[in-house]
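Here the sequence shown is numbered in this note's numbering, starting from 1052 and rising by one per residue.
C-beta atoms are modelled at their ideal positions from N, C-alpha and C, and glycine is treated no differently.
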Amino acid sequence: MVERIEEIEAEAKAAIEAAGSVPELEDARVSYLGRKAELTGILRGIADLPPEQRGPVGSTGNKVRKALEAMIEAKTDGLKQIELEKSLAGDRIDVTLPGTPARAVGHIHPITRTRRLIEDVMVGLGYQVMEGPEIEHDYYNFTALNHPAGHPARMLQDTFYVEHEGHVEEVLLRTHTSPMQVRAMEATPPPLFMIVPGKTYRRDSDATHSPMFHQVEGLAVGEGITLADLKGTLLAMLREIFGPDREIRMRPHFFPFTEPSVEFDVSCFHCGGSGSLDDGSRCGLCKGIGWIELGGAGMVDPNVFGFVADSGYNPDSVTGFAFGFGIERIAMLRHGVGDLRLFFDNDVRMLGQFS
Ligand code: PHE
């Protein structure tokens, strides 16, 4: 019997040594030390043995059991350690690898940014921002702005006409934001201080004109408003946009709906208004003139008030000024963009420069 125990010991040790994982080791433990194992059976049957065998079998059996238990325990710790290391090695992340690139974030179009800048400046001066229809009636685009049917100034703003109830002359894509002067006065009694940013349309297409472009209209009407107020307002606005050292000038011009009418220029911010650069060469931005043309303006023609007299605009008691200019032109000047069409080509290499 003692010999058999020693054989079991040898077998069990071999099985424990061969176990390569915690479950395999557990199988070995169950086979050699479990309830149904041979050694367990021998130790349980000691009382049935002849008295002279009980002592040697009992002591050898118990010694072997303890030795096997100790061996299994030691090996379990070892295997667990190895398995832990394996799983740690498998889970390792290389924090130095490049990550998934962040999704490109879009940004506001340069024309929208310029529009918002102008709106911010004018809201700061107490103006409200209004919007109006891009598809407009001939009445608002021309007639009520003192361009009667057949007036030659209509030709300067040839546009796209929309067929409406069989007629092609009454509805059109607005050629300027000025029709909103009349709509705003119809809707709001004086005093009125408002700007209108928006899309406008003309049959024009070259590096500085596009069939669709954006304008900002301004209108101020109240008692005692003069051309000096117009000049001060334009100066304040353009200094915010182009810098505190800017000057403006107004030149006589003609628009049917303002009297007197002017065109206004801002002093060149590239050469400081001198027309030449530090090295003596001609300034390319203002072409040596020192001034950059921006838009049209003037005092609201009393005839225009005549169209909105019912809304409280009596030409004998109120005066006002209006101005209008292109947003693209401001954006081109601020960002040094030479061709207006680039704003609408939707080339991300161009637009991405304004983030
Ligand atoms: N609407 C004119 C244009 O588009 C500009 C303008 C606006 C002129 C307001 C005078 C007053 O050319």
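Check, Outcome
"Given ILE1276 as reference, the closest of SER1332, PRO1242 and ALA1063 once Cα atoms are compared", "PRO1242"
"Whole-Å CB distance - THR1232 paired with GLY1377, under 8 Å assumed", "A small correction: the amino acid at residue 1232 is Gln; Thr does not occupy that position in the sequence shown. Rounded, the Cβ-Cβ distance is 17 Å, inconsistent with contact."
"Nearest residue (CA-CA) to ILE1299, options LYS1282, TYR1364, ASP1398 and VAL1115", "LYS1282"
"ILE1162 and PHE1320 closer than 7 Å at C-beta", "no"
"Three-state secondary structure (DSSP) of VAL1313", "strand"
"For TYR1252, the three-state DSSP class (helix, strand or coil)", "strand"
"Spatial neighbours of PHE1193 in its chain, beta-carbon cut-off 6 Å, leaving aside the 5 residues before and after", "ARG1205"
"Secondary structure of PRO1037, DSSP reduced to three states", "Nothing about residue 1037 can be read from this structure; the chain reaches only from 1052 to 1406."
"Alpha helix (DSSP H) runs wholly inside the region 1187–1229, at least 4 long, in chain order", "1189–1192 and 1204–1207"
"Three-state secondary structure assigned by DSSP to GLU1268", "strand"
"Cβ-Cβ distance between GLU1185 and THR1228 below 7 Å", "no"
"Identity of the residue in PHE1211, ASP1280 and ARG1234 nearest TYR1252 by Cα", "PHE1211"
"Local Cβ density within 10 Å of LEU1139, reported as buried at 16 or more and exposed below that", "exposed"
"Rounded distance between the beta-carbons of GLY1249 and GLY1183, thought under 8 Å", "7 Å"
"Cα-Cα separation between PHE1244 and TYR1191, rounded to whole angstroms", "19 Å"
"Helix, strand or coil at MET1263 [DSSP, three-state]", "strand"
"Among MET1401, LEU1223, LYS1114 and ILE1292, the one whose alpha carbon lies nearest that of ASP1171", "ILE1292"
"Rounded separation between ILE1012 and MET1288 - CA only", "The structure shown does not extend to residue 1012, since the chain spans only 1052 to 1406, so no value can be given for it."
"C-beta contact flag for VAL1313 and ALA1271 at 7 Å", "no"
"PHE1394 beta carbon near the ligand PHE (any heavy atom closer than 6 Å)", "no"
"Reduced DSSP secondary structure (H/G/I, E/B, other) of ILE1159", "coil"
"Every unbroken alpha helix (DSSP H) inside the region 1057–1143 [4 residues or more]", "1073–1084, 1089–1095 and 1102–1142"
"Sheet register partners of GLU1344 (DSSP bridge)", "ASP1316"
"Cβ-based neighbour list, ARG1290, same chain, cut-off 6 Å, excluding 5 preceding and 5 following", "ARG1297"
"VAL1213 versus HIS1160: straight-line alpha-carbon distance, rounded", "29 Å"
"Three CB pairs or more closer than 8 Å across the region 1326–1335 and the region 1361–1370", "no"
"Sequence-distant residues of the same chain with beta carbon closer than 6 Å to LEU1094, five excluded per side", "GLY1112"
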